[in-house]
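K.L.:
Attaching a single structure in structure tokens format; questions to follow.
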Ligand code: DGL
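Take a look at the structure:
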């Protein structure tokens with residue numbers, strides 16, 4: 564009789580990464596760069612995007628459902644590649660699940676170190692800006708620099724539609740950034756994982772003197788540290804794979820994920836969980 568498979572994660576189990584939609588792919592690509600051998604499962608909760616204007620209870624319930632799904636796929640760690648879900652639910656998620664959970668943190672610290680004008684600005688969803696985590700960041704770093712908070716409604720929807728440089732996207736960014744520059748901001752923090760896909764346009768509009776700070780690479784390094792310290796870092800020499808899931812059965816989601824991932828991807832529908840092979 565074959566030995567019973569242990570349910571404990573092993574080093575070759577995948578890492579689960581999720582977001583309200585396609586934004587977390589900006590974190591996934593940094594994880595892929597940092598950890599080329601890890602298998603990665605990505606969930607886009609596209610049926611519920613954007614989270615930024617949804618009640619906290621819904622975001623919490625979705626985060627629990629997605630993590631439970633990822634755990635059923637035997638992930639060894641989770642990356643919450645969503646600032647909004649992090650702001651609303653991270654304490655609850657860490658209390659509820661015992662596997663390592665890495666979450667987003669707007670890169671206020673590096674921005675404070677970088678600014679010369681003494682004014683930085685964080686671009687994020689309204690819900691992230693209203694979160695307690697954010698208030699704490701402000702308390703911690705706001706003493707010596709001026710931290711401007713800019714909610715950017717509409718930008719997530721533009722990225723979800725794959726519109727990274729069209730007229731409407733440009734005009735929204737101009738509208739959000741102009742007052743920040745007028746107040747002397749020389750450093751912009753991307754506090755939503757959708758926004759790195761707009762970085763080229765933001766740079767064009769803000770000008771070359773303004774620094775744009777994206778925390779994704781730091782999150783990927785943090786994942787590496789957590790996997791190392793828990794003995795879960797992949798030791799194989801193989802190339803890692805990616806699997807993409809979405810809660811929306813939509814051709815647009817598949818097309819936009821392929822556009823942002825720069826490869827033609829297959830998209831699996833979230834409720835249709837395939838049987839786990841019993842080897
Ligand atoms: N990518 C998300 C974030 O980092 C999502 C925002 C949303 O769905 O509103 O906040």
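Residue numbers (this note's numbering): 564 to 842. Note that CB positions come from ideal geometry on N, CA and C, so glycine has one too. Please read all numbers here as calculations on a predicted model, not as lab measurements.
In whole angstroms, what is the alpha-carbon distance linking residue 684 and residue 782?
P.N.:
The alpha-carbon atoms of residue 684 and residue 782 are separated by roughly 20 Å.
K.L.:
Rounding to the nearest angstrom, what Cα-Cα distance links residue 658 and residue 717 in this structure?
P.N.:
Rounded to the nearest angstrom, the two C-alpha atoms are 32 Å apart.
K.L.:
Is the closest heavy atom of the ligand NAP to the C-beta of residue 715 under 7 Å?
P.N.:
Absent from the structure shown: the ligand NAP. Ligands present: the ligand DGL.
K.L.:
I need the straight-line Cα distance from residue 572 to residue 795, nearest angstrom please.
P.N.:
If I take the Cα positions, the gap works out to 8 Å.
K.L.:
Classify residue 612: buried if its beta carbon has 16 or more other beta carbons within 10 angstroms, exposed otherwise.
P.N.:
It is buried - the Cβ of residue 612 has at least 16 other Cβ atoms within 10 Å.
K.L.:
Give me the residue from 674, 732, 738 and 729 with the minimum Cα distance to residue 710.
P.N.:
The residue with the shortest Cα to Cα distance from residue 710 is 674.
K.L.:
Using the Cα positions of residue 540 and residue 786, report the straight-line distance between them to the nearest angstrom.
P.N.:
The requested residue 540 is not part of the displayed model; the chain covers only 564 to 842.
K.L.:
Are there three or more Cβ pairs, one per stretch, closer than 8 Å when the stretch 768–775 is compared with the stretch 796–804?
P.N.:
No contact exists between the stretch 768–775 and the stretch 796–804.
K.L.:
Could you tell me the distance, in whole angstroms, from the CA atom of residue 636 to the CA atom of residue 578?
P.N.:
Looking at the two C-alpha atoms, the distance is approximately 10 Å.
K.L.:
What residue range does the alpha helix (DSSP H) around residue 659 cover?
P.N.:
It spans 646–659 - the alpha helix (DSSP H) in which residue 659 sits, taken as one unbroken run.
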